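Undergrad:
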Amino acid sequence: MSTTIDTTGASPNVTTRQTRSSTRQALTSTASTQRDQSPDSSSKKPPITPLPSDYSRWRIPLPPEDRDALVTKHDWLTTHTIPLPKDVLRSISLDPMTYLNPVDATYVFAQAEAGTAVCVSPDGILLTCAHCVAENAGELAKVPFRVLVSASGNMVMAQIISWDPVRDLALLIIDKAQSPQRPFPYARIASSPPKFNSRLLCIGHPGSEDLESRKKKKTGYGTLELSEGAFRGMAEDQDPHNNSKIGALKHDCWTYWGHSGAGLFDRATGNLGRIIGSSGSVSRRVRDE
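Here it is, written out as structure tokens:
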């Protein structure tokens, strides 16, 4: 399963929208500015199918535990905000067309297990880890879509358009949403690697189960957590294009299992530098320092 995707917003085959900011009290005017100045190419794109605002009316074949997880995560995201550092808020306010809000671009999977994705195009293209979507090709073939919730609480359905288990990357495209207006808030992908010790932000969805406890305990983490850290270079003995076992990028942002697919953002620019791989590779990156 593979396809070529235009992440600039010019693709005629996909659609876009702008959602409420999870830091909406501070950035309402910013979101409005981005929406008003975005190029409108909607006439060339098929509309996104609206989903009922009442998710009890959804006719989605989700397992009961995943439906329960969807409700829990949606309720949390619509009643909490993810506070951004003051310098980041200032950068967004000063130049909203260049420094895009990384929280707005973040999504969590509705499945009972955790998992994160980042919107990388105003057309609604989501980047995540392959293992967040499916562990193997057989599992991938069973269900061609996934349900996710944005940081602002917009529930969406997204079709899987690319899946690469070697690089541990997957792309999905939103085709149904509770709020189907365009464009989608997104993060720009950095054109070059960050410099050593560049400051980073990580925004991800940590798991609710404490895997470090012998007894079943809840972690108490929020559905989304923001952590700060720095880029610590690349592992010399690891192929950066092979993330099937462990990733090459090292950082010291706090992460937990479930952060897979979470964005690592350059704090100076707001650009997406990388997504988090498996929890094992995250642990190695931290321990290496």
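If you read the sequence shown in full-length UniProt numbering, its first letter stands for residue 1, the second for the next number, and so on. Positions of the beta carbon are idealized from the N, C-alpha and C atoms, including for glycine. Note that the structure is predicted; figures quoted are calculated from it, not measured.
Determine which residues share a DSSP beta bridge with residue 364 and list them.
TA: Given that the chain is displayed from residue 1 to residue 289, the structure contains no residue 364 and the question cannot be resolved.
Undergrad: Out of curiosity, what's the CA-to-CA distance linking Val227 and Ile60?
TA: Here residue 227 is Ser; the residue named in the question, Val, does not match the sequence. Rounded to whole angstroms, Ser227 to Ile60 spans 33 angstroms at the Cα level.
Undergrad: What is the rounded straight-line gap between the Cα of Ala235 and the Cα of Asp164?
TA: For Ala235 and Asp164, the distance between alpha carbons rounds to 21 angstroms.
Undergrad: Is there contact between the segment 114-134 and the segment 88-101, where contact requires at least three CB pairs shorter than 8 angstroms?
TA: In short, these stretches do not touch, since the Cβ pair count stays below three.
Undergrad: By the DSSP assignment, the beta strand (DSSP E) with Ile161 in it spans what residues?
TA: Run containing Ile161: Met155 to Asp164, per the beta strand (DSSP E) assignment.
Undergrad: Taking the straight line between their C-alpha atoms, what separation do you get for Pro52 and Leu94?
TA: Spanning the two alpha carbons is a distance of roughly 36 angstroms.
Undergrad: What number of angstroms, rounded off, separates the C-alpha of Pro102 from the C-alpha of Lys218?
TA: When rounded, the distance between both Cα atoms is 27 angstroms.
Undergrad: Could you give the distance in angstroms between the alpha-carbon of Glu65 and the alpha-carbon of Ala117?
TA: Going from the Cα of Glu65 to the Cα of Ala117 covers about 20 angstroms.
Undergrad: Which whole-angstrom value is the C-beta distance of Gly258 and Leu272, which I expect to be below 8 angstroms?
TA: 19 angstroms between Cβ atoms; not a contact.
Undergrad: Near Ala130, what residues of its chain come up, given a Cβ to Cβ distance below 7 angstroms and the 5 sequence neighbours on each side ignored?
TA: For Ala130, where only same-chain residues beyond five positions count, the Cβ hits under 7 angstroms are Trp163, Asp164, Pro165, Asp168, Leu169 and Ala170.
Undergrad: Using the C-alpha atoms, what's the distance from Arg182 back to Gln37?
TA: Here the model assigns Gln37 a pLDDT of 40, short of 50, so the residue's position is not dependable and the matter cannot be decided.
Undergrad: What residue range does the beta strand (DSSP E) around Ile82 cover?
TA: Careful: Ile82 lies outside any beta strand (DSSP E) and carries neither H nor E.
Undergrad: Can you tell me which of the three DSSP states Ser38 falls into?
TA: With a pLDDT of only 45 at Ser38, under 50, the local geometry of the prediction cannot be trusted, and no value is derived from it.
Undergrad: Report buried or exposed for Asp266, applying the criterion of at least 16 other Cβ atoms within 10 angstroms of its Cβ.
TA: By the neighbour-count rule (16 or more Cβ atoms within 10 Å), Asp266 is buried.
Undergrad: Run through DSSP, which three-state label would Val286 get?
TA: Residue placement at Val286 is poorly supported in this model, since its pLDDT is 45, which falls under 50; the coordinates still yield a value, given next. Three-state DSSP puts Val286 in a helix.
Undergrad: Could you please give me the residues that DSSP links to Asp266 through a beta bridge?
TA: BP columns for Asp266 point to Leu200.
Undergrad: Helix, strand or coil: how does DSSP classify Pro50 here?
TA: Note: Pro50 maps to strand in three-state DSSP.
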